[in-house]
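> Numbering-wise (our numbering), the sequence shown opens with residue 1385 and increments by one.
Ideal Cβ positions, reconstructed from N, Cα and C, are used throughout, including at glycine.
The structure presented is a predicted model; accordingly, all values stated were derived computationally and were not measured.
Okay, handing you the structure first.
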Amino acid sequence: MALLNPEQEEKQLEDLKKEEAEELSKLLAVKYGLPYLDLTTVAINTDALRQIDEPMARSAKVAAFRISGRNLSLAVFAPKSDTLPAIVEGLARKNYKVEMFMVSEESLARAWALYSEVSRAVSTEAGQIDIVSSDLELLTESLRDIASVKKTIEDTITSAAGHGTSRVLEVVMAGAIAIGASDVHFEPAKDGTMLRLRIDGVLIEVATLTEQSYRLIVSRIKLISALKLNIKDTPQDGRFSIEIGKREIEVRTSILPGPYGETIVMRLLDPATIRGSLSDLGASSALQKRFEDEIGKPNGLVLVTGPTGSGKTTTLYAFLGKVNVPGVKIITIEDPIEYHMKGVTQTNVQDEKGYTFLEGLRSALRQDPDVIMVGEIRDNETANTATQSALTGHLVFSTLHTNNAAGAIPRLIDLGVNPKIISSALNISIAQRLVRKLCEKCKQPRPRSEREKKLIESVIENLDIPGVEIPEKRDVIFDADSCAECNFTGYKGRIAILEAIFMDKAIEDLISMNPSEREIAQVARSQGIPTMIEDGVLKLLAGITTLVELERVVSVVPFPKLEAPESAVAQ
């Protein structure tokens, strides 16, 4: 028989002791008529834990571990404790209905250990960040560039003040808001946690946090996002809000477990970065006028396509802003609501509760709307309901995940929508990508390289569209440089490169033949709308962006000179 080393013996004794303690608790549960529970097997809600002060909880040998509305679950070790009735009475005065569970003292110790995690978060209530609005405004005023954000974070991390580490999150959030970041990334690795901010669609490294600092920040983020502190091996999603000035910024938190700790991404839904008008989209004046004509119609389907992060929601909000006039009833079904619009009825999808885009759309149709916005068409039922709605007197805005404007039609067919209904319901399909704009203060002109010349000219020579102005002088383009104005990136802000296909007789006839994307794009060429690539090259020649940016979001190739399908031409 192999002998156990001292460590193995100690562990075996601890396991045996725990097993005996749990067995005793099961017997006591039967004696006192209470359900038995092992707290090591359940998630402990910190909102529940905070309902009883730690000294009182330890003294009475209890812990509140679950809360649902006004129902509170209470773990007890000594049901006949003299202090337990007073605790239950105090909870009743708070209008809580208490359900007690029998647990072992070892089990309670795990819950009590979480009090230290709660205290590290500087007594923040879930759902609201613990910072005074005026303080946040002062921070955002002082943090105007990445350099100042980096320095302030580093100073805060190394601060000897009592709440130095807990202050880091406020500095990070204030800095992200001040410089217009859309996402905050905490990425733990072997040698520390990297903090990166997504600015104008690109991640920029800001700081590296120590393991101890990051551990405290994780607890803080979990608390304000109403997440479980003790769950570390499964993904969690939460949210909280920040008030600054007269605007409220919603933050969506996503936590993913990893080998070196939990990765956190916080998306900032700032109304100031979403709100915009049609003129802000980046469309030419001619295309903007056509957009206005289409969304001015009393009914029909307007689709905006593109991958995640291509600005589809911003475009839809611009459309809503244009049609949001007195006398028009607008309902939106969103995931999430990114900007609250006055005069618009907005609802938030909650898949876990069965409130999907489809259910939201069905409910909206019973509310006598004139205009409906469906955040995304994901399945055949939503696609069919949306197109049918567009045929029955409603103007419907929505999005699809396709690579180009022409792809929306085959995608709807794939989703089971009758081609005849598509041709009758669809007004316009728009595709877009976002490219960074060159900083006007520091951009530098230079001659084109041979590769750039060949690429640009191959696109331009195929751009045989009447009314499109092509610069005669194309030998000089602009490069990104760096200055304080653009955080030394060479870029400031973003603009959309767009393309659109409108429903006309030629497209309507083509749809009945189950066409490919290429066939649709070729027939739509006669509508006189440049492709995304052509729009991007025109913006490149205008000194708005760079070829590097275009190639980051699209494959820069000229539009093929192909003949339209014979069947379509014949008609």
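Could you check whether the stretch 1423-1442 touches the stretch 1610-1618, counting it as contact only if at least three pairs of C-beta atoms, one from each stretch, sit closer than 8 Å?
yes
> Run through DSSP, which three-state label would Pro1720 get?
coil
> Is it true that the CB of Leu1704 sits closer than 8 Å to the CB of Met1757?
Going by C-beta atoms, Met1757 is nearer than 8 Å to Leu1704.
> Determine whether the beta carbon atoms of Val1964 and Gly1920 lie at a separation below 8 Å.
Nothing about residue 1964 can be read from this structure; the chain reaches only from 1385 to 1955.
> Measuring CB atoms only, is the stretch 1746-1753 touching the stretch 1782-1791, in the sense that at least three cross pairs come out at less than 8 Å?
no
> In the DSSP assignment, find the beta strand (DSSP E) that holds Pro1829 and state where it starts and stops.
Gln1828 to Pro1831
> Pair every Cβ in the stretch 1862-1874 with every Cβ in the stretch 1760-1770, then say whether three or more of these pairs are closer than 8 Å.
no
> Candidates Leu1412, Pro1469 and Arg1582: which alpha carbon is nearest Glu1489's?
Leu1412
> Just reading off the alpha helix (DSSP H) that Met1916 is part of, what are its end residues?
Met1916 to Leu1925
> Go ahead and pull the three-state DSSP assignment for Gly1800.
coil
> At which residues does the beta strand (DSSP E) containing Met1757 begin and terminate?
Val1755 to Val1758
> May I ask you to report which of helix, strand or coil DSSP gives Ile1913?
coil
> Under the assumption that Ile1658 contacts Thr1697 (Cβ atoms under 8 Å), give the Cβ distance between them as a whole number of angstroms.
7 Å
> Between Lys1534 and Ala1558, what straight-line distance do the alpha-carbon atoms span, to the nearest angstrom?
If you take the alpha carbons of Lys1534 and Ala1558, they lie about 12 Å apart.
> Of all the options Gly1727, Met1725 and Asn1768, which has the alpha carbon lying nearest to the alpha carbon of Leu1745?
Asn1768
> So which of Glu1718, Arg1830, Ile1854 and Leu1475 has the shortest CA-CA distance to Glu1841?
When the alpha-carbon of Glu1841 is set against those of Glu1718, Arg1830, Ile1854 and Leu1475, the nearest one is in Ile1854.
> Going residue by residue through the stretch 1826-1905, where are the continuous beta strand (DSSP E) segments of at least 3 residues, counting only ones entirely within it?
1828-1831, 1860-1863 and 1875-1886
> Using only CA atoms, which one of Pro1619, Gly1666 and Thr1618 lies nearest to Ile1814?
It is Gly1666 whose Cα lies nearest to the Cα of Ile1814.
> Who are Phe1624's beta bridge partners in DSSP?
Val1635
> Less than 8 Å between the C-beta atoms of Arg1454 and Lys1410, yes or no?
no
> Restricting to runs no shorter than 3 residues, where is the beta strand (DSSP E) found entirely within the stretch 1564-1626?
If we require 3 residues or more, the beta strand (DSSP E) runs fully inside the stretch 1564-1626 come out as 1567-1573, 1576-1583 and 1586-1593.
> Using 10 angstroms around the beta-carbon of Val1860, count the other beta-carbons present and answer buried if the total reaches 16, otherwise exposed.
exposed
> Have a look at Ile1679 and Ser1896 and give me their C-alpha separation to the nearest angstrom.
Their backbone Cα atoms lie some 25 Å apart in a straight line.
> Cβ atoms of Ile1881 and Gln1816: under 8 Å apart, would you say?
yes
> With DSSP collapsed to three states, give me the class of Ala1751.
Checking the sequence shown, residue 1751 turns out to be Gln, not Ala. Gln1751: coil per DSSP, three-state reduction.
> Run through DSSP, which three-state label would Gly1559 get?
Three-state result, Gly1559: helix.
> Count the other CB atoms within 10 Å of the CB of Glu1723; is the residue buried (16 or more) or exposed (fewer)?
Note that residue 1723 corresponds to Tyr in the displayed sequence, not to Glu. Counting Cβ neighbours within 10 Å, Tyr1723 comes out buried, since at least 16 surround it.
> Ile1714 bridges to which residues according to DSSP?
Val1755
> Who are the near neighbours of Asp1719 in its chain, counting only those whose CB is closer than 6 Å to its CB and skipping five residues on each side?
Val1733 and Gly1759
> With a CB to CB cut of under 7 Å and the five nearest residues on each side skipped, what residues in its chain are close to Ala1565?
Leu1581, Arg1582, Ile1583 and Leu1652
> Which of helix, strand or coil does DSSP assign to Gln1730?
strand
> Using only CA atoms, which one of Glu1438, His1778 and Leu1456 lies nearest to Asn1811?
The alpha carbon of Asn1811 has as its nearest neighbour, out of Glu1438, His1778 and Leu1456, the alpha carbon of His1778.
> Rounded to whole angstroms, what is the Cα-Cα separation between Pro1682 and Val1707?
10 Å
> Give me, in chain order, the residues of the same chain whose beta-carbon lies closer than 6 Å to that of Gln1955; leave out the 5 immediate sequence neighbours on both sides.
Residue confidence is low: Gln1955 scores 41 on pLDDT, short of 50, so the model does not pin down where it sits. Its coordinate-derived value is still stated next. Cβ within range, chain order: Asp1893.
> Alpha helix (DSSP H) containing Val1707: first to last residue?
Note, Val1707: alpha helix (DSSP H), Lys1696 to Val1707.
> Expressed to the nearest angstrom, what Euclidean distance is found between the alpha-carbon atoms of Leu1934 and Ile1717?
If you draw a straight line from the Cα of Leu1934 to the Cα of Ile1717, it is about 32 Å long.
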